[in-house]
Structure formats: structure tokens, C-alpha cells
Amino acid sequence: MTLLEVNDVRRSFGGLVAVNRVSFQVNPGRIKAVIGPNGAGKTTLFNIISGLLKADAGHVTFKDCSITGFKPYQIARAGISRTFQNPSLFFQMNVLENVMVGRHRRSGREFAACCLRLPGQPKEERSIREAALAQLDYVGLAHLAGFPAGGLSFGQRRMVELARALATDPELLLLDEPASGLNTREKENLGALIRRIRDRGVTVLLVEHDMTVVMDLSDDILVLHNGTIIAEGSPATIQSDPNVISTYLGGEFRPAGEVELALLTGRQPDAVTGARVVPTRSGPVGEGAVR
Amino acid sequence: MTRLRPFFPFALFALALVAGQFTLRAMGKEYCLTQLTMSLYYAIVVIGLCLVMGYAGQVSLGHGAFFAIGGYTSAVLTTHDFSRFNAAAWAGALRQAHLLVTNDDLYGNPIVTVSPWAAFLAAMLATLVIASLIGYPALRLKGHYLAMATLGFGLIVYKIVLGTALFGAADGINGVPEWELGFGLTVSGRSALRVENYYLAGALVLVLLVLLRNLIHSRIGRALQAIHDRETAAGAMGINTAAYKLRAFVLSALLAAMAGVFFTHYTGGIGPSEASAFKSVRYVALAASGGMASLWGVTGMSTLLNYLSLRGLFGSYDNAMFGAILILIVSLAPEGPLKPLGLWIQSWFGRLRRERRPEHDAA
Numbered sequence: 390m391t392l393l394e395v396n397d398v399r400r401s402f403g404g405l406v407a408v409n410r411v412s413f414q415v416n417p418g419r420i421k422a423v424i425g426p427n428g429a430g431k432t433t434l435f436n437i438i439s440g441l442l443k444a445d446a447g448h449v450t451f452k453d454c455s456i457t458g459f460k461p462y463q464i465a466r467a468g469i470s471r472t473f474q475n476p477s478l479f480f481q482m483n484v485l486e487n488v489m490v491g492r493h494r495r496s497g498r499e500f501a502a503c504c505l506r507l508p509g510q511p512k513e514e515r516s517i518r519e520a521a522l523a524q525l526d527y528v529g530l531a532h533l534a535g536f537p538a539g540g541l542s543f544g545q546r547r548m549v550e551l552a553r554a555l556a557t558d559p560e561l562l563l564l565d566e567p568a569s570g571l572n573t574r575e576k577e578n579l580g581a582l583i584r585r586i587r588d589r590g591v592t593v594l595l596v597e598h599d600m601t602v603v604m605d606l607s608d609d610i611l612v613l614h615n616g617t618i619i620a621e622g623s624p625a626t627i628q629s630d631p632n633v634i635s636t637y638l639g640g641e642f643r644p645a646g647e648v649e650l651a652l653l654t655g656r657q658p659d660a661v662t663g664a665r666v667v668p669t670r671s672g673p674v675g676e677g678a679v680r
Numbered sequence: 593m594t595r596l597r598p599f600f601p602f603a604l605f606a607l608a609l610v611a612g613q614f615t616l617r618a619m620g621k622e623y624c625l626t627q628l629t630m631s632l633y634y635a636i637v638v639i640g641l642c643l644v645m646g647y648a649g650q651v652s653l654g655h656g657a658f659f660a661i662g663g664y665t666s667a668v669l670t671t672h673d674f675s676r677f678n679a680a681a682w683a684g685a686l687r688q689a690h691l692l693v694t695n696d697d698l699y700g701n702p703i704v705t706v707s708p709w710a711a712f713l714a715a716m717l718a719t720l721v722i723a724s725l726i727g728y729p730a731l732r733l734k735g736h737y738l739a740m741a742t743l744g745f746g747l748i749v750y751k752i753v754l755g756t757a758l759f760g761a762a763d764g765i766n767g768v769p770e771w772e773l774g775f776g777l778t779v780s781g782r783s784a785l786r787v788e789n790y791y792l793a794g795a796l797v798l799v800l801l802v803l804l805r806n807l808i809h810s811r812i813g814r815a816l817q818a819i820h821d822r823e824t825a826a827g828a829m830g831i832n833t834a835a836y837k838l839r840a841f842v843l844s845a846l847l848a849a850m851a852g853v854f855f856t857h858y859t860g861g862i863g864p865s866e867a868s869a870f871k872s873v874r875y876v877a878l879a880a881s882g883g884m885a886s887l888w889g890v891t892g893m894s895t896l897l898n899y900l901s902l903r904g905l906f907g908s909y910d911n912a913m914f915g916a917i918l919i920l921i922v923s924l925a926p927e928g929p930l931k932p933l934g935l936w937i938q939s940w941f942g943r944l945r946r947e948r949r950p951e952h953d954a955a
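Chain order of the listed sequences is A and B.
Be aware that the first sequence starts at 390, since it is given in the working numbering, and climbs by one per residue.
Be aware that the second sequence starts at 593, since it is given in the working numbering, and climbs by one per residue.
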């Protein structure tokens, strides 16, 4: 059974085709990463899945129901939650209130009930607060509950955003570059956290530039280039895929060697020192990919 | 003690109302309560605007028009003579239900009019429909489309009111009867009922403040604030942003119309100036001067400034004054003057305390 199915999705901006007939599936309980050079269409794809952008063609199916053309809030209610490339917190609120907004779709009192505090409303409010605190605790930021969201560090903002997304009790979590802007230690914590999230039954689809994180974390990887899928498979398959290597390095294909692996995984094996990759044509170099 | 803390501001407000009355009585200026009562009704408009602008982040330049819709609907229905329909069956049925009542007009002739309560409900219904029609298309879009739509709408309402004989054209409508609310309470401008009406208006404001405070401290309030802060992220959290913006706007328009109904019965009439764009801009200026997202700041500043305006302090520069206030706030204190003032007082006290105990600093 597949949780999310993207079928032949296409989207162009003016003359530029950002996503070109992309089809793939996300299986439940897995961590799937979408990688690719800048401008490959990763974020566009994410925005289509989460409803911020409309696809020109193709359709998206979630839990065997079509969510094509749904508005963002409808997609969120279907069980897909997301984070943004730049943590997009509500800065007028404190940290806890931010996460409490995530409980919105899990609560239902409307204007009249809230104005008049009708029976059950204060109780619902308490349960929202408790659930939000639990999520904050889960990402390790419970001590910042009363802190204004605007005063957080970048890494903390990411974590609060993650807690907010988790507070919706999603079945599928979309993470748009969760590791960007984090330091090494924060990245390690993030990796562990995402794995814990998967282990509690939430499927994760992420876009990420940091190859160390991607290779370390993902169960499956999808490689996008110029809006089309050029490879899909396990981290090991991707690392030895000739297409991927030539796309990322802009070089002629050679069997996967130490250099490419090092560049892809971000690790620096000793053998690499002094080795050079000579680009034979001026292809797109994924700057983030070889960071 | 901490459990009671949210109630302190409300108690303080009630206390201020009482203190205001006793001060004016002691000064022998109890007639000033009339302007204070009118200011309290105007404050209801601004409180509603506070919800739309301060929380949902949408600008409305049409609240004067909604105030006028409320006021004019109830004024027309309670002064217009419907006696020519007396023979009709529906008129008899409405009379049975006390929705139609017999009144005296200005010259003492008996006329058949709609009862104030029924007129109030009709005004609310009219506002509900009109506000939904204005808000629905404008609020589906991101950005300040509501401001433009409501500005145009306000101008139309003003011109209609000014050019229609039924609405009294430039003279407005006079001779609006008292409104017997029940429980022995009457909305009326009679001087014998001045104190009663002052407390009635104050109590109405207080009740609305409690309701809105509850709303703001709930999932709805957070959703509105989230829309204000980051509409995209709010949508991704499952909030139907268009629907919530619309509901907040309609609720706020209803508050404005309600204030208009009470105001019209209190002053015994309504004129076209209430529908003018000047008034709508004034409400925005008052909301801004109270800090937009602060119910208390907005209530306080709006009551104070409207009172001063009604007492004629700004003379013929009345409207210019509110324009100037808006400019000053936007350029000098976008969060309203109260917050910076509060912070300044705090730091001033802090410095005073430190100066008094220099050994504390050294330690």
C-alpha cells in the first residue's frame, strides 16, 4: 500500500518547466528524501503536494483519495503537515501558542463557543495546551514554552516549527530543507529526531541539500534534475548511480569512486586529499550538494 | 489570586466607569455623561475593528458604513409609518407578535412602526448579509483587498444615504423612539435616564470585551493571529484562512451595526455624516491609537479621544485631528503610544529603584 502517490505531475512558470511529469510513491513508515541541484524543482514539488501551488497537469493521491486541487488547509486536514525552508513561525505569539495553532485541526469549537466559553470549551482549550506542551517536550524545547517566538535562534525555530507540524498528528510530514542553517550538533539531533518521528509511525518526505543527513537518514531517495526524476532508490543505489554522479559533478561518468562518494556523502576520506574532479562540460553544479 | 488575574482589567474598567460618573457629578457636569455614553457606543465599533485589524490583520475602511447601516435600518423601521398596510393579513400577524407597534410621530399623530427589537434584528440581519457579500470576494485573496472593497462600499453607502428621501437625505432621520430593552432598561437620551444609559452603555462594552477576550484567548483567536502573522503557514496548519477572515470581518461589522442601533436610539436620530469616509478613517485611527491588537488600549483611547471630540475640543479641525493622529501613530509609534509609554514608565521606575538602592547594583 502506498501512502502518497504523485502521478505525472507537471508545473511550469511562464516558459520554465519546474516540474515535468514527475511520478513517484511514498510508502508508509519510510523516510524518503528528494534531492537535486538548486532549481531542480524540489520545492515546487513540495508546494504542489501541500497545495500552495496548483499543478498544471497530473494528480496527487493520498491514502487512496485524490487531493489534487485541494486548498492547503484541506490537505492539512487530510493528514499532511509541512515545514518551510525558512522557519515560518507566528512571531506575535510565544512558542507554546505557536505549537497550539498546530492543534487547530484536532479541535473544533467555533466562534460562538469560544466567545461564550460554552461547556466543553475550556476543557478543549486545556487539552490543546497539554498536547502542544507534549510536542514541545518531544523536540526538547518545553523549557521555552513561554518564550516569544521571535527571540529564538534559527535552530530552535526549526524545532518549534517541527513541533507545530507534529501537533497536527500528521500521517505524512513534509520537511523542506530541515537541516539547512543548523550546526553539526543540531543536525545530529535533527537526524535522531526524524528517525524517532518515523518510528512512531509518521511517514516523512523531505527535501534536503545536506548529503550527510540525506544518506544517513533516508530509506529511499529520489533525485530530481531540471524537473524530472533521474534516479530513485536506496542511498546505496543513488550513490553509485552514474546519472546522479554526472549531474551533481558536471563531470564525465567514471565508476563511483572515492571522490564522488565523498562529495555525495559530505565525508572526507583520507584518500581524497589532493584528488581533483575535472569538469568536462559546464553542467549545473549542485552547490548545496557538495557542501 | 493568579486565577483571578484575568478579571482585574474588567474590574478596573467597571471602577473607572463608576469613578467617571462620580467625578462628573462632583464637578456638577453630569451632562457630560451624554458625550461619554456616545463615546462608549463608538468604542464598540473600534473594539470590533480591533478584532479585524489587530488580530486577523485585515484593514476595513467601511466600519462607518456598517455603523450607519445599523443606525439607519433601525431608524427607518422605527419611524416609518406602515399603517397603510394595516389591512394586510401579514401586518395583523406582525402586530400580534408585537413586531409592529403603534407610536406617536413628532406631531403626536399615531403611526404604525416596527418595534425597536425587531428593527434591531433586521439591522443585524441586513449587516450580516451585506458584510458577507463585501467580504467574501475580497477575503479570498491575500493582501489589502478588503481595505479597497470596504472603502468603495463606504462611499456608496454615504452617497445612497445622502441621496435617498427615505433616509432623510442630508437631514438624516429624527424622532427615533426610545428602545425599551426589557428588565426596566430603556435606551433613551432623556436627561432623567442619563445615568442609567451611561451604565447601560458601559455594561454593554464590558460584556463585549469579555466575549472578545474569550475569543482571542481561544483556538479562534490564535488562528486569526496566525493568519495575520503568516497566512501561508496558517493554511498549512489546517486553518481555513478565507473563512476565518470572513467570519472575523462579519462579526466586527455586526458589532459596528449594533453600536449604530444603540447610538441611534440613544441620540434619537442619525445623520449622513455617520456614514462618511471621515468616520471610517476615524475608527481606524482610534484602533491604531490604542495599539490595534489590545482590547484595553483600544477601548480606553477610543473612549477618551471620542469624548474629547464630542466635547468640541478639536473644534472645526475634528476630522483633521484624527487624520493627524493616524499619521503620527503610523510614523512614530506603529504599535500605538501606550506600549512604548508603558515600557518607558517601567524603565523609569526601574532606574528610580536602582538609584535609591545603589548598594544593590554594587553587589
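Cβ atoms here follow ideal geometry from the backbone N, Cα and C, with glycine treated the same way.
For residue i, which residues in the same chain have their Cβ closer than 7 angstroms to its Cβ, ignoring the five residues on either side in sequence?
i      : result
A538/A : L478, F479, F480, M482, N483, V484, N487, V549
S401/A : A407, D445
D659/A : For D659/A, the predicted structure reports a pLDDT of 44, less than 50, and the residue's modelled location is therefore unreliable. A value from the coordinates is still provided. For D659/A, where only same-chain residues beyond five positions count, there are no Cβ hits under 7 angstroms.
N632/A : I619, A620
V644/B : Q650, S652, A840, F841, S844
L720/B : V842, L846
I517/A : M489, R492, S496
G580/A : V602, D605, L606
Which residues of chain B have a Cβ atom closer than 9 angstroms to the Cβ of residue i, listed in chain order?
i      : result
E514/A : H809, S810, R811
A465/A : G827, A828, M829, G830, I831
Give me, in chain order, the residues of the same chain whose beta-carbon lies closer than 6 angstroms to that of residue i; leave out the 5 immediate sequence neighbours on both sides.
i      : result
W888/B : P601
W771/B : P708, V779, H857
G430/A : A407, V408, L613, G616
A711/B : S666, L669, T670
D397/A : R410, S412, G447
G781/B : Y858, T859, G860
A741/B : I726, A730
Quick one: is residue i near chain A, going by C-beta distance under 7 angstroms?
i      : result
R595/B : no
A828/B : yes
R805/B : no
R946/B : no
R732/B : no
R874/B : no
R687/B : no
R617/B : no
A955/B : Confidence at A955/B is low in this model, with a pLDDT of 41, below 50, so its placement is unreliable and no value can be given for it.
R839/B : yes
Tell me which same chain residues have a C-beta within less than 8 angstroms of the C-beta of residue i, skipping the five on either side of it?
i      : result
I831/B : A815, A818, I819
For residue i and chain B, any beta-carbon pair shorter than 7 angstroms?
i      : result
M489/A : yes
F402/A : no
R506/A : yes
F500/A : yes
S496/A : yes
H598/A : no
R471/A : yes
E486/A : yes
C503/A : yes
Strictly below 8 angstroms CB to CB, what residues from chain B border residue i?
i      : result
Q481/A : Q817, H820, D821, A885
Please compile the residues from chain A whose C-beta is within a distance smaller than 8 angstroms of the C-beta of residue i.
i      : result
T833/B : Y462
L544/B : This structure cannot speak to residue 544/B, because chain B is shown only from 593 to 955.
For residue i, count the other beta carbons within 10 Å of its own beta carbon; 16 or more makes it buried, fewer makes it exposed. Which is it?
i      : result
N436/A : buried
G755/B : exposed
L607/B : exposed
R595/B : exposed
Y699/B : exposed
N898/B : buried
Q524/A : buried
Any chance the CB of residue i is under 6 angstroms from a heavy atom of the ligand SAH?
i      : result
S780/B : Only the bare structure without any ligand can be found here, which leaves the ligand SAH out of the picture.
List, in order along the chain, the chain B residues whose C-beta lies closer than 7 angstroms to that of residue i?
i      : result
S439/A : A828
T557/A : M829, G830
Kindly say whether residue i, judged by its beta-carbon, lies nearer than 7 angstroms to any beta-carbon of chain C.
i      : result
R943/B : Although the question refers to chain C, the structure presented lacks it and instead comprises the protein chains A and B.
So which residues of chain A does residue i contact, with C-beta pairs closer than 9 angstroms?
i      : result
T824/B : L441, P461, F473, S477
Give the list of continuous alpha helix (DSSP H) stretches no shorter than 4 residues that lie fully inside the segment 601-659 of chain B. As far as the segment 601-659 of chain B is concerned, its whole alpha helix (DSSP H) runs of at least 4 residues are 624-641.
Runs of beta strand (DSSP E) lying entirely within the segment 662-746 of chain B, each at least 3 residues, in chain order: Complete beta strand (DSSP E) runs here, min 3: 692-696, 702-706.
My parser needs the beta strand (DSSP E) runs of 3 or more residues fully inside the segment 751-777 of chain B; what are they? The segment 751-777 of chain B contains these whole beta strand (DSSP E) runs: 771-774.
Could I get the ranges of all uninterrupted alpha helix (DSSP H) runs contained in the segment 397-446 of chain A, with 4 residues as the minimum, in chain order? Listed in chain order, the alpha helix (DSSP H) elements of length 4 or more contained wholly in the segment 397-446 of chain A are 431-438.
Residue ranges of each beta strand (DSSP E) run of no fewer than 3 residues wholly in the segment 520-570 of chain A, ordered along the chain? Counting whole runs of 3 or more residues, the segment 520-570 of chain A contains the beta strand (DSSP E) stretches 561-565.
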